[in-house]
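If you're matching positions, the sequence shown starts at 450 in this note's numbering and goes up one per residue.
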Amino acid sequence: MQTFDIAIIGGGMIGLTLAVGLSGQGFNIAVLDTSEPDPKWFNTDESVAPAARVSAISLASEQIFRHCQVWEQIAEKRVCSYQNMDVKEQDSFAHIHFSHEQVHQPALGHIVENERIRAALWDKAKACDDITLIAPAQINKVHMQGSTNIIQLENDSLISARLLVGADGGRSKIRQQAGFPVTFWDYGQHAIVATVKTQEAHNETARQVFTQSGPLAFLPMWKPNLCSIVWSQEVEQADALMAMSDDAFSKVLASTFDMQLGTCELITPRQRFPLRMQYARQWVSEGVVVIGDAAHTIHPLAGQGANLGLLDAAALAETLIELKQQEKDIGAWANLRAFERWRKSEASHMIASMEAFKQLFSGNNPLKKLVRGVGMSVSNALPGFKQNVILRAMGIKGELPQMAQPLSRHHG
Ligand SMILES: Cc1cc2nc3c(=O)[nH]c(=O)nc-3n(C[C@H](O)[C@H](O)[C@H](O)COP(=O)(O)OP(=O)(O)OC[C@H]3O[C@@H](n4cnc5c(N)ncnc54)[C@H](O)[C@@H]3O)c2cc1C
Numbered sequence: 450m451q452t453f454d455i456a457i458i459g460g461g462m463i464g465l466t467l468a469v470g471l472s473g474q475g476f477n478i479a480v481l482d483t484s485e486p487d488p489k490w491f492n493t494d495e496s497v498a499p500a501a502r503v504s505a506i507s508l509a510s511e512q513i514f515r516h517c518q519v520w521e522q523i524a525e526k527r528v529c530s531y532q533n534m535d536v537k538e539q540d541s542f543a544h545i546h547f548s549h550e551q552v553h554q555p556a557l558g559h560i561v562e563n564e565r566i567r568a569a570l571w572d573k574a575k576a577c578d579d580i581t582l583i584a585p586a587q588i589n590k591v592h593m594q595g596s597t598n599i600i601q602l603e604n605d606s607l608i609s610a611r612l613l614v615g616a617d618g619g620r621s622k623i624r625q626q627a628g629f630p631v632t633f634w635d636y637g638q639h640a641i642v643a644t645v646k647t648q649e650a651h652n653e654t655a656r657q658v659f660t661q662s663g664p665l666a667f668l669p670m671w672k673p674n675l676c677s678i679v680w681s682q683e684v685e686q687a688d689a690l691m692a693m694s695d696d697a698f699s700k701v702l703a704s705t706f707d708m709q710l711g712t713c714e715l716i717t718p719r720q721r722f723p724l725r726m727q728y729a730r731q732w733v734s735e736g737v738v739v740i741g742d743a744a745h746t747i748h749p750l751a752g753q754g755a756n757l758g759l760l761d762a763a764a765l766a767e768t769l770i771e772l773k774q775q776e777k778d779i780g781a782w783a784n785l786r787a788f789e790r791w792r793k794s795e796a797s798h799m800i801a802s803m804e805a806f807k808q809l810f811s812g813n814n815p816l817k818k819l820v821r822g823v824g825m826s827v828s829n830a831l832p833g834f835k836q837n838v839i840l841r842a843m844g845i846k847g848e849l850p851q852m853a854q855p856l857s858r859h860h861g
C-alpha cells in the first residue's frame, strides 16, 4: 500500500494545478488519471495541428500559472494574448466593445490550447519530488473511511490518503461516491467547437455574436487568421450543423457571424459537447473535497469554467498550506468548511451571471430585442459599468486566493 497525505483524482488542468500549488509545502501528494497527456503536446511545434479545445485564460489564472512556474512554458508559443472583446447581437444594432486600455492591462486574457496547459503542468508535477503521478490509473473502488481513504486500482494496488480530492470532471466518481447532492439543469444546447481559418485577420480580438438559438464565439489563436469557434446551439440546430458537409458548415458559420472575418474554412473536425449547469450542493466531507468541474459546470458563453476551477485549486492549496502551518488536520470536515463557503459563494455568483446573460439574449421578441439593443448601446457608453464587467471576466474582482494575485503583492 502506498500512503499519501493527499490523493488527487483527476490530473486535468485543475487537479494538476492543485498538486503543483501544494508542492514544496511538506505534503506527500499523488495525482491519478486515466491517461497521460499525448506526448505531442510536451514540445509542440508547428507540425502539430491546432487543437479544437482551447480556453480563454483570465489574468487571475495567468497569475496562478506564474505562481506554479508554468506560465513561461505555456506562453512561449501557440498563444494569443487578446486586446479587445466585441459582443454583438445578430441582425441588431446592439454592440458592446471592451478594450485592455479600459482596465490598464497589457491584454484582456490569453487563448491557449487546453492540452498545452495540461502538458506544461504535467511536466512541472513530474519534476517535483513530493508529487507522484499515477497514470494510466483505473480506479476499481474507493473506501471513504473518514480518517483514511483507501483507493483500490484495477491492478489491485492500494493507495491510502488522509485527503481525497475529486478533480475528476463533470461526471466525478468521487462526488458521486461521497454522496454530494447536485443541482442541475440542461441548457438545452450543445456547443460545437472547431478551429477555422478566416479570410480576414482577427486583430487579437475575441468576438461573440448572440443569435436567436445561442451564442457563437470566434476566439483568436496564435496565427492572425486562425480562430477557435464555440457555437452553442439548441439541440436540433446542432444536429443539423453537425450533419452538414465541411463546406456547407463553413458557409453557414461565416454568414451567421455576419461575415465579420470574411469567409471561413474548417481546419479541424467539429466536436460537440452537451451543455449542462451542474452545481454540487456539498463540496466537502470528512477526508473528501471536490473542485473544478467535479463541483460545478457552467455555460461556456463567457469562457469561465476552467478559470473558476483554477481559483478553486488555488483557494484549496492556500487553505491546506495554512492548516499545515497551524498543525491542524487537513482532512477534518470542520477545517475545510471555510474553503467550501468561500468557493461556493464565488461559483454560485458566476452561475447566476451566466443564467442572467443567457436569459437576456434568448428569444426573438422584437421588444426584448429593442431593449437589448438600447441596453447594450447605453452600457457601451458607460465606462464604469464596462470596467466592472471586464474586471470580473479577467478574474481580478471578488475574493481572490493569494496565488491568483500579482506575485509582487505576496512576495514582498
Ligand atoms: C465548449 C467548451 C468551451 C469552454 N471554454 C472555456 C474557456 O474559454 N475558458 C474556461 O475557463 N473554461 C472553458 N470551458 C470549461 C473548461 O473546459 C472546464 O471547466 C475545465 O476543463 C474543467 O477542468 P477539470 O480539470 O475540472 O475537468 P476535466 O478537464 O474534465 O479533467 C478531469 C480529469 O480527470 C480525469 N478523470 C476522470 N475520471 C477519472 C477517474 N475515474 N480516475 C482517474 N482520472 C479520472 C480525466 O481523464 C481528466 O484528465 C469550456 C467548456 C466547454 C464544454
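Here a beta-carbon is modelled for each residue, glycine too, at the ideal position from N, C-alpha and C.
Predicted model, so just to flag it, every value in this text is computed and none were measured.
- In its chain, beyond the 5 residues on either side, I560, P669, M670, W671 have a beta carbon closer than 6 Å to the beta carbon of C529.
- The nearest non-hydrogen atom of ligand 1 is 8 Å or more from the C-beta of K846.
- The count of Cβ pairs closer than 8 Å, one atom from the segment 556 to 571 and one from the segment 518 to 537, reaches three, so the stretches are in contact.
- Within its own chain, the residues whose Cβ lies closer than 6 Å to the Cβ of T483, once the five positions on either side in sequence are excluded, are P585, listed in chain order.
- For the beta strand (DSSP E) assignment, the uninterrupted runs of no fewer than 3 residues enclosed by the segment 683 to 732 are, from N- to C-terminal side, 713 to 715, 720 to 729.
- For T746, the distance from the CB to the nearest heavy atom of ligand 1 is below 8 Å.
- Rounded to the nearest angstrom, the Cβ distance from A764 to W791 is 6 Å, consistent with a contact under 8 Å.
- About 41 Å separates the CB atoms of V642 and Q594; that is not less than 8 Å, and the two are not in contact.
- In this chain, A556 is not harboured by any beta strand (DSSP E), its DSSP state being neither H nor E.
- For W782, the uninterrupted alpha helix (DSSP H) run begins and ends at 782 to 810, by DSSP.
- Take the alpha-carbon of G663 and the one of A766: they are about 36 Å apart.
- With a threshold of 8 Å, the Cβ atom of V642 counts as near ligand 1, since some heavy atom of the ligand is closer than that.
- Contact between the segment 632 to 642 and the segment 614 to 624 is absent, with fewer than three C-beta pairs closer than 8 Å.
- Between the alpha carbons of S699 and I566 lies a distance of about 28 Å.
- In the three-state scheme derived from DSSP, where H, G and I count as helix and E and B as strand, S510 is classed as helix.
- The beta-bridge partner set that DSSP reports for K646 consists of L675, E714.
- Not a single heavy atom of ligand 1 lies less than 8 Å from the C-beta of T581.
- Shown here for A500: same chain residues with a beta carbon closer than 7 Å to its own, the five before and five after excluded, namely E562, N563, E564 in chain order.
- In the DSSP assignment, D535 falls within the unbroken beta strand (DSSP E) covering 533 to 538.
- Excluding its 5 nearest sequence neighbours in each direction, T581 has C-beta neighbours in its own chain below 6 Å: A479, listed in chain order.
- A direct Cα-Cα distance of roughly 21 Å separates F491 from L675.
- Counting only residues of its own chain and dropping the five nearest sequence neighbours on each side, S681 has a CB closer than 6 Å to the CB of Q638, A640, G663, P664.
- Per DSSP, the continuous beta strand (DSSP E) segment holding M593 begins and ends at 588 to 593.
- Across the structure, K773 and M799 are spaced so that their CA atoms are roughly 30 Å apart.
- For V519, the three-state secondary structure derived from DSSP is coil.
- G758: member of the alpha helix (DSSP H) spanning 754 to 774, first to last residue.
- Restricting attention to E804, D579, L809, L757, the CA atom closest to the CA of A853 is found in L757.
- Our two residues, R730 and V497, have alpha carbons roughly 41 Å apart in a direct line.
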